[in-house]
Structures are given as structure tokens and as C-alpha cells.
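Using this note's numbering, count along the sequence shown one by one with no gaps and you end on 265.
We put the beta carbon where it would ideally sit given N, CA and C, even for glycine.
Just so it is clear, the structure is predicted and the values come from calculations on it, not from any experiment.
Data first, discussion second: the structure below is written as C-alpha cells.
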Amino acid sequence: MDLTDVQNHVSPRTIDIDKVGVKNISYPIVVLDKFKGTQHTVARINMYVNLPHRHKGTHMSRFIEILSEYRRDISLKKIGAILEETRRRLNAHSAHIEMTFPYFIDKAAPVTKARGLMEYICSFAGSLDEEGRLDLVVGITVPITTLCPCSKEISKVGAHNQRGEVRIQVRYKKFFWIEDLIRLAEECASCEVYALLKRQDEKYVTEKAYTNPMFVEDVVREIAHRLSQDDNFTWYAVESENFESIHNHSAYAYIESKVSSKQ
């Protein structure tokens with residue numbers, strides 16, 4: 003039976019497409035874990051290639067075939083190979099992949115040391131161009147606590163505080179641990195967030211936040227400063243969002259920068 007491959011027909015519109023592919027695929031992956039070796043998790047994956055104007059469509063099934071072939075070994079170190087295979091199989095000049103996944107760290111409370119699993123949303127994004135240049139970006143989302151410096155300054159007692167999120171994306175020269183980047187973000191807040199707290203721990207985090215008030219501006223500047231001091235990072239984007247406890251809106255700040263090489 004002759005089944006026509008419509009994707010290979012010529013498009014009546016002579017317009018190139020930058021990215022075409024599949025989105026929101028749920029798939030198991032393996033991530034390196036600083037303390038346990040590896041961690042199995044489930045990612046949401048997007049895969050794309052470019053499409054020249056002469057082709058009507060791309061072959062969507064081939065993306066899934068490639069994932070299936072790598073299903074036991076999908077990790078950051080394999081992204082380059084996956085992209086090269088994607089580019090080859092789909093006869094494309096460029097290929098792209100994005101993975102977003104939950105990552106868990108067993109975290110001890112500050113005083114009682116009671117342990118609970120903290121969830122952090124992490125991401126890998128990779129692109130391979132027609133000259134074989136690989137671009138990798140690692141991202142994390144970290145929950146934090148901030149306490150308002152202005153509220154503390156003008157109030158006789160107390161100050162408003164809230165939970166927020168820090169989102170960091172980096173380009174880098176060599177391997178680094180996700181846990182270390184998460185720790186950096188937590189250290190730049192009024193206080194970090196914990197999965198499990200007893201009364202002694204609640205007292206500690208409340209008082210720590212009160213003695214360390216920070217605006218969203220302070221948070222992104224401190225993180226940017228620390229990233230700029232690390233020779234391993236070549237570019238970063240940092241954003242901080244406070245889910246304001248006394249306002250019907252969020253407070254937000256963003257910094258993006260290339261990192262100059264240290265002499």
C-alpha cells in the first residue's frame with residue numbers, strides 16, 4: 003500500500019520555520035545527585051528542529067523514536083548526543099531540547115534537624131546549530147522567605163514577610179552540582195524554606211528572617227554578585243518574585259549578564 007509522505011511536499015509559503023516539534027512529553031530521566039549518586043525523576047520534555055521553507059512539515063514521530071532509544075539514559079551528559087541524533091534523523095540544521103523536572107533534596111531543619119524532602123523545579127535546555135556548536139543552560143527554581151526592610155524600619159513591632167521564588171539560569175564551562183546552585187540561592191534570601199519545622203525551628207526561621215530583611219532587589223543583586231565571582235559561569239539570568247503578604251500583587255526583579263573572565 004502506498005502511503006504518501008505529505009510532510010515532504012513543498013509548502014506553498016516559502017517561509018522558514020525556526021522551531022517545530024513536540025511539547026509537553028512526560029518522560030523518565032536520570033539526574034546526578036550530589037549525595038546519592040543518581041536520582042530518578044520525571045521530566046516534561048519539548049523537542050524541536052528548524053524546518054526549511056521547501057518542506058511542508060516535519061516528522062513528529064521521529065522525536066518520540068529518539069526519546070525511546072535513549073529512554074534508559076536520558077541525562078544532562080547525553081543532551082549533545084540526543085540533539086545530534088535529532089538533527090540527523092530529521093535532516094535539520096538545528097535541534098533543540100528542553101527538560102523541566104522536580105528534584106528533591108533531603109533537608110534538615112535548622113535546630114531539631116528533623117528531615118523532610120524539599121522539592122525544587124529544575125531545567126536543562128540545549129541547542130545544537132548547523133556548525134555543531136552546543137549551547138547548554140541549566141535552570142533552577144528555589145522557594146525562599148523574604149522580610150521587608152521598609153516594613154521593619156517603620157514598625158514598632160514586627161514586619162511583613164512572605165514566601166517567594168528565585169529562578170536562576172546559567173551557562174557554564176564545566177560540570178557543577180545542582181545542589182550547590184540551590185544552596186547559593188537560599189543563602190541570598192532573608193531565610194530559606196524547609197519542608198518540616200518543629201516549634202524550635204519556627205522560632206529560628208522567624209528570627210533569622212527578621213534580622214536579615216531583604217527586598218527582591220537585594221536578593222537578585224546578591225545572587226548576581228556571587229555568580230559573577232565564579233569563573234565557571236559565563237552567563238546568568240536571575241529573577242526573584244515575592245508573593246506579597248500585604249498586597250494583591252507580587253514584587254519582582256530581574257538581572258541578566260554575561261560574566262567577564264577574571265585575569
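Beta-carbon spacing of residue i, residue j below 7 Å
i	j	result
serine 96	asparagine 26	no
leucine 183	isoleucine 142	yes
tyrosine 206	proline 54	no
phenylalanine 103	alanine 187	no
threonine 114	aspartate 203	yes
histidine 226	isoleucine 257	Per the sequence shown, residue 226 should be read as alanine rather than histidine. It is a contact, given that the beta carbons lie within the stated cut-off.
valine 139	arginine 173	yes
arginine 91	leucine 130	no
glutamate 67	glutamine 164	no
Neighbour-count burial assignment, residue i, 16 or more Cβ in a 10 Å radius
i	result
leucine 136	exposed
cysteine 190	buried
arginine 83	This sequence places alanine at residue 83; arginine is not what is there. Classification of alanine 83: exposed, given that the 10 Å Cβ count is below 16.
asparagine 234	exposed
histidine 251	exposed
glutamate 194	buried
lysine 200	exposed
threonine 213	exposed
cysteine 150	buried
phenylalanine 65	buried
phenylalanine 126	buried
methionine 120	buried
asparagine 93	exposed
8 Å CB neighbourhood of residue i in its chain, flanking five on each side removed
i	result
tyrosine 254	Val218, Glu241, Ser242, Glu243 and Asn244
glutamine 265	Low local confidence applies: a pLDDT of 46 at glutamine 265 is under 50, so the model's placement there is unreliable, with the coordinate-based value given in what follows. Around glutamine 265: no qualifying Cβ.
Own chain, CB closer than 7 Å to residue i, minus 5 neighbours either side, in chain order
i	result
lysine 260	Thr236 and Trp237
threonine 16	His55
threonine 43	Ile31, Val33, Phe103, Pro104 and Tyr105
glutamate 155	none
isoleucine 123	Thr102, Pro104 and Thr143
Beta-carbon proximity list for residue i, same chain, < 6 Å, skipping 5 on both sides
i	result
valine 35	It should be pointed out that residue 35 corresponds to aspartate in this sequence rather than to valine. Closer than 6 Å at the Cβ level, and outside the excluded window around aspartate 35, lie Gln41.
Beta-carbon separation (whole angstroms), residue i vs residue j, contact threshold 8 Å
i	j	result
alanine 197	glycine 118	3 Å
ask   = Is the stretch 47-64 touching the stretch 108-122 in the sense that three or more CB pairs, one from each, lie closer than 8 Å?
value = no
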